[in-house]
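**Student:** Each residue of the sequence shown is one higher than the one before, counting from 1 in full-length UniProt numbering. Backbone N, C-alpha and C fix where the C-beta goes; we use that ideal spot for every residue, glycine too. Just so we're clear, the structure is a prediction, and the values are computed from it rather than from any experiment. The structure follows.
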Amino acid sequence: MDYLARREHSRYELQCKLREKFEIPDDAMISAVLDKLETDNLLSDTRFAESYVRSRISRGYGPLYIRHQLRQRHVDTALIDQVAEFDEQEWADVLVDALARKVSAVPERGSKQWFKLQRFSQSRGFTLSQFVEATGRGLQSG
């Protein structure tokens with residue numbers, strides 16, 4: 001319960017933490033505990049995924065990064081598609097905000113600084129088209 005009081009967890013994350021902390025060899029026992037937590041609505045992959053997406057967007061991460069991290073936490077692909085479904089314009093808005101925190105103005109296209117920003121955006125999980133859209137606005141959000 002202490003784990004769930006701190007933040008939302010995916011079922012897989014909590015399963016790993018319980019297995020590690022209590023060294024329970026019987027997966028059936030852990031599964032029963034997790035089932036009970038889900039029944040009592042204390043554990044929810046949906047709530048976890050929504051919370052995770054909001055958190056990562058506020059930190060300036062893009063769709064590719066977020067989807068990858070949710071898959072690493074064994075969140076269902078259909079659920080990932082549901083909670084991370086934004087259009088290109090919305091993701092470009094997120095990237096504009098992330099780039100604006102990094103630089104005050106868009107460097108000249110093709111310059112060393114421009115390519116550095118492009119690599120930064122890709123490392124944050126944004127596509128090239130989202131980067132082009134964001135830099136085309138001159139870092140003015142909206």
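What residue does the alpha helix (DSSP H) around residue 146 start on, and which one ends it?
**Tutor:** The structure shown does not extend to residue 146, since the chain is modelled only from 1 to 142, so the question has no answer here.
**Student:** Is Asp35 buried or exposed, if buried means 16 or more other CB atoms sit within 10 Å of its CB?
**Tutor:** Along the sequence shown, read from residue 1 onward, the residue named residue 35 stands at position 35. Classification of Asp35: exposed, given that the 10 Å Cβ count is below 16.
**Student:** When the Cα atoms are used, what is the spatial distance from Gly142 to Ser104?
**Tutor:** Locating residue 142 in the sequence shown gives position 142, counting from the first residue. Locating residue 104 in the sequence shown gives position 104, counting from the first residue. Residue placement at Gly142 cannot be trusted, given a pLDDT of 46 that sits under 50; what the coordinates show is reported in the next sentence. So the two alpha carbons sit approximately 16 Å from each other.
**Student:** Judging by CA-CA distance, which residue of Glu13, Trp114 and Arg109 is the nearest neighbour of Gln69?
**Tutor:** The residue you call residue 69 lines up with position 69 of the sequence shown. That would be Glu13, whose Cα lies nearest to the Cα of Gln69.
**Student:** Sort Asp2, Glu85, Tyr52 and Ile66 by Cα distance to Lys21 and report the nearest one.
**Tutor:** Taking the sequence shown and counting its residues from 1, the one referred to as residue 21 is at position 21. Minimum Cα distance to Lys21 is reached at Asp2.
**Student:** Can the beta-carbon of Ala92 be found less than 8 Å from the beta-carbon of Ala32?
**Tutor:** Sequence index remark: in the sequence shown, residue 92 carries index 92 (1-based). Sequence index remark: in the sequence shown, residue 32 carries index 32 (1-based). No, they are not a contact pair.
**Student:** Helix, strand or coil, according to DSSP, for Val53 in the structure here?
**Tutor:** Along the sequence shown, read from residue 1 onward, the residue named residue 53 stands at position 53. Residue state, collapsed to three classes: helix.
**Student:** Rounded to a whole number of angstroms, what is the C-alpha to C-alpha distance between Gly136 and Lys116?
**Tutor:** Here residue 136 is taken as the residue at index 136 of the sequence shown, counted from 1. Here residue 116 is taken as the residue at index 116 of the sequence shown, counted from 1. Between Gly136 and Lys116, the C-alpha separation is close to 16 Å.
**Student:** I think His84 touches Val53, with their Cβ atoms under 8 Å apart; what is that distance to the nearest whole Å?
**Tutor:** Walking along the sequence shown from the start, residue 84 turns up at place 84. Walking along the sequence shown from the start, residue 53 turns up at place 53. First, the amino acid is wrong: residue 84 is Ala here, not His. Ala84 to Val53, Cβ: 5 Å. Contact.
**Student:** Can you give me the Cβ contacts of Tyr61 inside the same chain, cut-off strictly under 7 Å, excluding the 5 residues immediately before and after it?
**Tutor:** Looking up residue 61 in the sequence shown gives position 61. Once the five neighbours on either side are set aside, the close Cβ partners of Tyr61 are Arg124 and Gly125.
**Student:** Is it the case that the Cβ atoms of Ser51 and Glu90 are separated by a distance below 8 Å?
**Tutor:** The residue labelled residue 51 in the question sits at position 51 within the sequence shown. The residue labelled residue 90 in the question sits at position 90 within the sequence shown. No, these two residues do not count as a Cβ contact at 8 Å.
**Student:** With DSSP collapsed to three states, give me the class of Gly142.
**Tutor:** In the sequence shown, residue 142 corresponds to position 142, counting from 1. Summary for Gly142: the model assigns pLDDT 46, below 50, so the residue's position carries little reliability; its value from the coordinates is reported in the next sentence. Here Gly142 sits in coil by DSSP.
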